[in-house]
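K.L.:
Chains as they are written, first to last, in this note's numbering: chain A, 709 to 1027; chain B, 251 to 371. Every residue, glycine too, gets a C-beta built ideally from N, C-alpha and C. The structure displayed is predicted, hence computed values, not measured ones.
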């Protein structure tokens, strides 16, 4: 290929003419300025080689005399082995190492990512197809979802209630907490998110609820469990005692001869259809009881069963 | 996946016969090239250049030497090139999203695109 023809200059063109012709072509054909034209790289190499030849007075003279051909001044291949080494090869490759460090605004925002894409699309849709689309407004678009968190106490979550949530915007949201809400559960408030665009519906609000524990009540599904201390006398003789439930206090009959760990059920006193389970715990008198001690010294039980009888068997099983 | 070779400043300079260490150091402190490491000039020995950084050096070399872009214009040119590549990435992202739409929706998108392409009244 004739380097003069490649650069589009006369054979007697001066150095300056050749340089400006080369620069004009380089600006046009540089691969990095033509990322979509694979042929630009070959073209740029050709004109580079042509310029390398013609810009060197000695080589140009030898070429003019026919001593070397146009490829005699081929510049060494550029970049790492296996690649052209041009910038476009890396700048457009999301898997290249260091990708994104030269994205527009990368120094400030860390490059282009999927969130940017989402906001780009939202903006595009909100503008109704872009300037000059000639449409009045865009298509209806649902508003963005909002996410909030709320902490409620155990009883509120168990019984259900309405809680008022004041949003950062000053807007007030009444959150209906259904009975039996579990810790970490999210409530969806349809239409309470961001406003829709072009007549689109509002987004939804999602409220993640944290339930704080209660010192007395525990929960097992819809059943409420409490531990109820009873005196030795109540456990032996039986009694009627007042027991708190999440729906208020009720009287509970403790049958005679109730051991520690006995579970009594208060039907329908749990969450929704659940029950309240009362686990008895026998509490001995706090101070000294010499009469009781004296009685036990001289006492022989009529049913002298060993409460630890089963333990020996279990112990052997383990060995 | 081949292992990645990161180059030092000296090694990068050696790849471009007409680009000196001084020049590249200046480009890095200007933020035109962004190797790994603290980009203050006194840490130049610790800089590590990824292939993309080496290619960037090549691009700046071409802009200055081959295309006669002046140093005071170079940031503008680089910034425009970066924006073009970012926009291309964004467009690829959009194309990727469109590609995951159901066939009839993609068809509808194409139909609207053709409408918009046709010369208006």
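1) For residue 297/B, count neighbouring Cβ atoms within 10 angstroms of its own Cβ and tell me buried if that reaches 16, exposed if not.
2) Using DSSP bridges, identify the partner residues of residue 917/A.
3) Cutting at 6 Å between CB atoms, please list the residues of its own chain near residue 1073/A, excluding the five before and the five after it.
4) Exposed or buried, residue 744/A, counting other C-beta atoms within 10 Å across all chains shown (16 or more means buried)?
5) What span of residues does the alpha helix (DSSP H) with residue 307/B cover, start to end?
6) Taking Cβ-Cβ distances shorter than 7 Å, what residues in chain B pair up with residue 795/A?
7) For the region 931-940 of chain A and the region 976-996 of chain A, state whether three or more C-beta atom pairs, one from each stretch, are separated by less than 8 Å.
8) Tell me which residues share the same chain as residue 904/A and place their Cβ nearer than 7 Å to its Cβ, disregarding the 5 neighbours each side in the sequence.
9) For a cutoff of 8 Å on Cβ pairs, would you count residue 782/A as touching chain B?
10) DSSP has residue 317/B in a bridge; who is on the other side?
11) From the DSSP output, read off the bridge partner residues of residue 1008/A.
12) What did DSSP end up calling residue 881/A once you bin it into helix, strand or coil?
13) Could you check whether the Cβ of residue 756/A sits closer than 8 Å to any Cβ belonging to chain B?
14) Can you confirm whether residue 332/B, when its beta carbon is compared against all beta carbons of chain A, has any partner nearer than 8 Å?
15) Shorter than 8 Å from the beta carbon of residue 737/A to some beta carbon of chain B?
16) Are the C-beta atoms of residue 301/B and some chain A residue less than 8 Å apart?
17) Tell me whether the beta-carbon of residue 880/A lies closer than 8 Å to the beta-carbon of residue 872/A.
18) Out of curiosity, what's the CA-to-CA distance linking residue 928/A and residue 867/A?
19) Indicate the three-state DSSP secondary structure (helix, strand or coil) for residue 721/A in the structure shown.
20) If contact is defined by three or more beta carbon pairs under 8 Å, each pair taking one atom from either stretch, is the region 335-346 of chain B in contact with the region 286-303 of chain B?
21) Would residue 363/B count as contacting chain A if we go by Cβ distances under 8 Å?
22) Is residue 896/A helix, strand or coil when you go by DSSP?
23) Per the DSSP calculation, residue 869/A is bridged to which residue(s)?
24) Using the beta-carbon of each residue, which ones in chain A are nearer than 9 Å to residue 287/B?
25) Judging by CA-CA distance, which residue of 333/B, 287/B and 355/B is the nearest neighbour of residue 741/A?
26) Take residue 796/A and list the residues in its own chain whose beta-carbon comes closer than 7 Å to its own, dropping the five residues that flank it on each side.
27) For residue 270/B, which residues in chain A fall below 9 Å Cβ to Cβ?
28) Indicate whether at least one CB of chain B lies closer than 8 Å to the CB of residue 898/A.
29) Check the Cβ-Cβ distances between residue 760/A and every residue of chain B, and say whether any is below 8 Å.
30) Does DSSP put residue 937/A in a helix, a strand or coil?
31) So what's residue 991/A in DSSP terms, helix, strand or just coil?
32) Indicate the three-state DSSP secondary structure (helix, strand or coil) for residue 735/A in the structure shown.
33) Helix, strand or coil for residue 951/A per DSSP?
34) Give the secondary structure of residue 362/B by DSSP, where H, G and I count as helix, E and B as strand, and everything else as coil.
35) Answer yes or no: does any C-beta atom of chain A fall closer than 8 Å to that of residue 356/B?
36) Taking CB distances under 8 Å as the criterion, tell me whether residue 338/B reaches chain A.
P.N.:
By the coordinates alone:
1) For the purposes of this step, residue 297/B is taken as residue 47 along the second chain, with counting starting at 1. Per the 10 Å Cβ criterion, buried.
2) Numbered from its first residue, the first chain carries residue 917/A at position 209. In the DSSP output, where bridge partners are listed per residue, residue 917/A has 858/A.
3) Nothing can be reported for residue 1073/A: it is not among the residues displayed for chain A, which extend from 709 to 1027.
4) Position 36 of the first chain holds residue 744/A. Answer is exposed; the Cβ neighbour count stays below 16.
5) Numbered from 1 along the second chain, position 57 holds the residue referred to as residue 307/B. It spans 301-311 - the alpha helix (DSSP H) in which residue 307/B sits, taken as one unbroken run.
6) Looking up residue 795/A in the first chain gives position 87. Ordered by position in chain B, the residues that pass the 7 Å Cβ test against residue 795/A are 305, 306, 308 and 309.
7) yes
8) Within the first chain, the letter at position 196 stands for residue 904/A. Only 848, 849, 850, 851 and 910 meet the Cβ criterion.
9) Residue numbering aside, residue 782/A sits at position 74 when the first chain is read from its first letter. Low per-residue confidence applies at residue 782/A: pLDDT is 46, beneath 50, and the placement is therefore not dependable, though the value from the model is reported in the following sentence. Not closer than 8 Å to any Cβ of chain B, the Cβ of residue 782/A fails to qualify, so no.
10) On the second chain, position 67 is the one that residue 317/B refers to. For residue 317/B, which the question treats as bridged, DSSP gives no partner whatsoever.
11) Translated into positions along the first chain, residue 1008/A becomes position 300. In the DSSP output, where bridge partners are listed per residue, residue 1008/A has none listed.
12) Indexing the first chain from 1 puts residue 881/A at position 173. In the structure shown, residue 881/A sits in a strand (DSSP, three-state: E or B).
13) Within the first chain, residue 756/A is the residue found at index 48, counting from 1. Cβ-Cβ to chain B under 8 Å: yes for residue 756/A.
14) Translated into positions along the second chain, residue 332/B becomes position 82. Judged by the 8 Å Cβ criterion, residue 332/B is in contact with chain A.
15) Reading the first chain from its first residue, position 29 is the one you call residue 737/A. No, its Cβ sits nowhere closer than 8 Å to a Cβ of chain B.
16) As a working mapping, residue 301/B is identified with position 51 in the second chain. Answer yes: the Cβ-Cβ gap between residue 301/B and chain A drops below 8 Å somewhere.
17) As a position in the first chain, residue 880/A is number 172, starting the count at 1. As a position in the first chain, residue 872/A is number 164, starting the count at 1. In this structure, residue 872/A lies closer than 8 Å to residue 880/A by Cβ.
18) Against the first chain, residue 928/A aligns to sequence position 220. Against the first chain, residue 867/A aligns to sequence position 159. Looking at the two C-alpha atoms, the distance is approximately 15 Å.
19) For the purposes of this step, residue 721/A is taken as the residue at position 13 of the first chain. Residue 721/A falls in the coil class under three-state DSSP.
20) no
21) The sequence position of residue 363/B within the second chain is 113, counting from 1. Not one chain A Cβ lies under 8 Å of residue 363/B.
22) Reading the first chain from its first residue, position 188 is the one you call residue 896/A. Note: residue 896/A maps to strand in three-state DSSP.
23) Residue numbering aside, residue 869/A sits at position 161 when the first chain is read from its first letter. 885/A.
24) Translated into positions along the second chain, residue 287/B becomes position 37. The premise fails here: residue 287/B is roughly 12 Å from chain A at the closest Cβ pair, so nothing lies under 9 Å.
25) As a position in the first chain, residue 741/A is number 33, starting the count at 1. Comparing Cα positions, the closest option is 333/B.
26) For the purposes of this step, residue 796/A is taken as residue 88 along the first chain, with counting starting at 1. Cβ neighbours of residue 796/A beyond the five flanking positions: 739, 740 and 743.
27) Reading the second chain from its first residue, position 20 is the one you call residue 270/B. Near residue 270/B there are no residues of chain A at all, since even the closest Cβ is about 17 Å away, more than 9 Å.
28) Counting from one through the first chain, the residue named residue 898/A turns up at place 190. False, the Cβ-Cβ gap to chain B never drops below 8 Å.
29) The residue labelled residue 760/A in the question sits at position 52 within the first chain. Closer than 8 Å: no.
30) Here residue 937/A refers to the residue found at position 229 when the first chain is read from its first residue. In this structure, residue 937/A counts as strand in the three-state DSSP scheme.
31) Indexing the first chain from 1 puts residue 991/A at position 283. Correct three-state label for residue 991/A: strand.
32) Counting from 1 along the first chain, the entry for residue 735/A is found at position 27. Residue 735/A: helix per DSSP, three-state reduction.
33) Sequence index remark: in the first chain, residue 951/A carries index 243 (1-based). In the structure shown, residue 951/A sits in a strand (DSSP, three-state: E or B).
34) Within the second chain, residue 362/B is the residue found at index 112, counting from 1. Helix, per DSSP.
35) Here residue 356/B is taken as the residue at index 106 of the second chain, counted from 1. For residue 356/B, the answer is no, since every Cβ of chain A falls outside 8 Å of its Cβ.
36) Position 88 of the second chain, counted from the start, is the residue given in the question as residue 338/B. Residue 338/B counts as touching chain A.
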